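Peer 1:
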């Protein structure tokens, strides 16, 4: 087993005992990153390891990778978009500062769909990322490189950002754990905004305990992000091994039968039966508004995106196109700088915001979002967690959905709910399908109750350990 | 039965203007079709029976309007495509008498 394949806890024990040095660990991860890069393509940039022996935090010496839309001082910050080519961040994101102060070591920046708009990792200017389990499949998106790097065992954890499922869906496709915290738990300072009322940063790991550990470092109030919450962050590792006895798991079976492929649905039923055998109670739920979550998300998120991306005007950051006057420079900069999917989303956002359509789309979607919040809160009053497959299917073929935006968006049909309502949610791998692709169960928890959510996720993980032997001699190292 | 085109040419031009994006002919063809498909999908929002929203406890997420230390202007300007002194440098926003100065105009 390579060092990068071990859990953070295992690595910490080895580092603490002196049997492993931080440099040896970082160099092993970097070697694997370089060797995998030509075929797997998880990274846009790798950095040289700069050991800092003075930091002795909970992640001291633990390597990680970060997504290309999170600022690190003087590092490339282009969100995989031509419009930000050459831009380097003049400040450090709070999540990076927290990880640095905890002793973690950033080894590279990972590929992503441009401006985090995508579900397949196929829309990055620096190149595509493949799925570590099968070369012909996408890694999911938009945190494609982060999930591929962790799934492949190159680094023990990576950061992702999740606006509509961009941590959880690629984590699901790559056989990883992906945690989207409660909205406001983790600072967005230094995260390039996509849709500000949805965006959250979170960890992608190979195990639930590691996700809890990284979350405990990331979470907390930040005066630089007014949306962060001041409530205390309870130690998420405390009680994490308690098991599922007495756990009430809500399942919207009727909705899932409509939107989920038969195999992931059968896999979810298998896991629920295992949980029930261990003393959990399965609660059937109706979530009538949730079937409209994807349309609701598409309206509000694109409206926010079109507003947020207005800042890219060729004046303050990145590249500027030539033009005769200010307006032509503005139009040419944006037309040449944004990729097709980003343009589509900005146009969609402009459509739902423009006079004549705002009431029909945006205002109704905002009311629907309130209804969804209420519906989810009521459901979580009857159970501790909601269970659904993370995606309606396993990883799809590369190129298969690029020309069909609706098919691409449907990949996020079950993840957008938690972004609309702000609840925490986690993706946990549960097994492999007959093509060798990971299945994933998603659990949604009560607001600010990441500890309860992680406890339930750990119970699932213990019942369904993923067989990773197929990655011992992987296609991307041959 | 005639169906109304949800994204006709005039609307697509208006959206490009609002978005400050100019599509090439090829892009217009491709994106117009994709826009149509998504807009038709979004129409389901119109048909949903949405319950009256429950009274929400108002929760402000705005911080106090206070002056705080910020990045030095030279750090920010270094990342800009063009600058002069402590200003971002841009082309004229309005036509100037005698045409644009070859040195450009300054704006903040």
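Chains as they are written, first to last, in the working numbering: chain G, 1 to 478; chain A, 479 to 586. Glycine included, C-beta positions come from ideal geometry on N, C-alpha and C. Predicted, not measured: the structure shown is a model, and the values here were computed from it.
Does DSSP put residue 13 (chain G) in a helix, in a strand, or in coil?
Peer 2: It is helical.
Peer 1: Using the Cβ count rule (16 or more neighbours within 10 Å means buried), how would you classify residue 34 (chain G)?
Peer 2: Result: exposed.
Peer 1: Strictly under 8 angstroms for the Cβ-Cβ distance: is residue 335 (chain G) near chain A by that measure?
Peer 2: yes
Peer 1: Against residue 361 (chain G), what residues of chain A qualify as contacts under a CB-to-CB distance less than 7 angstroms, listed in chain order?
Peer 2: 520 and 523
Peer 1: Can you find a C-beta in chain A that's less than 8 angstroms from the C-beta of residue 76 (chain G)?
Peer 2: no
Peer 1: Could you please give me the residues that DSSP links to residue 444 (chain G) through a beta bridge?
Peer 2: G:386 and G:425
Peer 1: Is there a Cβ from chain A that is less than 8 angstroms from the Cβ of residue 351 (chain G)?
Peer 2: yes
Peer 1: How many Å lie between residue 174 (chain G) and residue 356 (chain G) at the Cα?
Peer 2: 43 angstroms
Peer 1: Take residue 197 (chain G) as the anchor and find which of G:477, G:323, G:187 and G:204 has the nearest alpha-carbon.
Peer 2: G:187
Peer 1: Within 10 angstroms of its Cβ, does residue 347 (chain G) collect 16 or more other Cβ (buried), or is it exposed?
Peer 2: buried
Peer 1: Look at the Cβ atom of residue 265 (chain G), then the Cβ atom of residue 256 (chain G), and state whether they are nearer than 8 angstroms.
Peer 2: yes
Peer 1: Identify the contact partners of residue 570 (chain A) in chain G, using a Cβ-Cβ distance below 7 angstroms as the criterion.
Peer 2: For residue 570 (chain A), the residues of chain G that pass the 7 angstroms Cβ criterion are 325 and 326, in the order they occur in the chain.
Peer 1: Check residue 46 (chain G) in the structure and name its three-state DSSP category.
Peer 2: Note: residue 46 (chain G) maps to strand in three-state DSSP.
Peer 1: Mapping the DSSP letters down to three states, classify residue 327 (chain G) as helix, strand or coil.
Peer 2: helix
Peer 1: Since residue 443 (chain G) and residue 386 (chain G) should fall inside the 8 angstroms C-beta cutoff, what is the C-beta to C-beta distance between them, to a whole number of angstroms?
Peer 2: 7 angstroms
Peer 1: Is residue 88 (chain G) close to chain A, meaning its C-beta is less than 8 angstroms from at least one C-beta of that chain?
Peer 2: Interface residue, yes.
Peer 1: Is there a Cβ of chain A sitting closer than 8 angstroms to that of residue 259 (chain G), yes or no?
Peer 2: Proximity of residue 259 (chain G) to chain A, defined by a Cβ-Cβ separation below 8 angstroms, is not satisfied.
Peer 1: Which runs of the alpha helix (DSSP H) spanning at least 4 residues fall entirely within the segment 200-275 of chain G, listed in chain order?
Peer 2: Entirely contained in the segment 200-275 of chain G, the alpha helix (DSSP H) runs reaching 4 residues are, in chain order, 208-218 and 253-259.
Peer 1: Measuring only the C-alpha atoms, how far is residue 287 (chain G) from residue 376 (chain G)?
Peer 2: 8 angstroms
Peer 1: Please list the partners that residue 566 (chain A) has in chain G, where partner means a Cβ-to-Cβ separation under 9 angstroms.
Peer 2: 315 and 316
Peer 1: Taking the continuous beta strand (DSSP E) assigned at residue 161 (chain G), which residues delimit it?
Peer 2: DSSP places residue 161 (chain G) inside the beta strand (DSSP E), whose first and last residues are 157-162.
Peer 1: Quick one: is residue 480 (chain A) buried, meaning 16 or more other Cβ sit within 10 Å of its Cβ, or exposed?
Peer 2: Model confidence at residue 480 (chain A) stands at a pLDDT of 47, short of 50, so the residue's coordinates are unreliable; what they give is reported in the following sentence. That one is exposed.
Peer 1: Tell me, please, whether the CB atom of residue 517 (chain A) is closer than 8 angstroms to any CB atom in chain G?
Peer 2: Output row for residue 517 (chain A): interface = yes.
Peer 1: Given this structure, state the Cα-to-Cα distance separating residue 343 (chain G) from residue 81 (chain G), to the nearest angstrom.
Peer 2: For residue 343 (chain G) and residue 81 (chain G), the distance between alpha carbons rounds to 12 angstroms.
Peer 1: Is residue 488 (chain A) close to chain G, meaning its C-beta is less than 8 angstroms from at least one C-beta of that chain?
Peer 2: Against chain G, the CB of residue 488 (chain A) has no partner CB under 8 angstroms away; the residue lies outside that interface.
Peer 1: In angstroms, rounded to a whole number, what distance separates the CA positions of residue 297 (chain G) and residue 463 (chain G)?
Peer 2: A straight-line Cα-Cα distance of about 33 angstroms links residue 297 (chain G) and residue 463 (chain G).
Peer 1: What is the DSSP secondary structure of residue 106 (chain G), reduced to helix, strand or coil?
Peer 2: strand
Peer 1: Any beta carbon of chain A sitting closer than 8 angstroms to that of residue 346 (chain G)?
Peer 2: yes
Peer 1: Counting only C-beta atoms, is residue 549 (chain A) closer than 8 angstroms to chain G at any point?
Peer 2: yes
Peer 1: Just to confirm the assignment: which complete beta strand (DSSP E) runs, minimum length 3, are found wholly within the segment 57-85 of chain G?
Peer 2: 63-67
Peer 1: The alpha helix (DSSP H) that contains residue 300 (chain G), what's its start and end?
Peer 2: Residues 293-308.
Peer 1: Using a C-beta to C-beta distance shorter than 8 angstroms, which residues of chain A count as neighbours of residue 319 (chain G)?
Peer 2: 559
Peer 1: Is there a Cβ of chain A sitting closer than 8 angstroms to that of residue 343 (chain G), yes or no?
Peer 2: yes
Peer 1: Can you find the residues in the same chain that come closer than 6 angstroms, C-beta to C-beta, to residue 120 (chain G), ignoring five residues on each side of it along the sequence?
Peer 2: Taking residue 120 (chain G) as the centre and dropping the five residues before and after it, the same chain places the C-beta of 138 and 141 closer than 6 angstroms to its C-beta, in chain order.
Peer 1: For a contact defined as C-beta to C-beta under 8 angstroms, what are the partners of residue 298 (chain G) on chain A?
Peer 2: Correct list: 516, 519 and 520.
Peer 1: With distances taken from CA atoms, which of G:43, G:26, G:338 and G:103 is nearest residue 502 (chain A)?
Peer 2: The shortest CA-to-CA distance from residue 502 (chain A) to any of G:43, G:26, G:338 and G:103 is the one to G:338.
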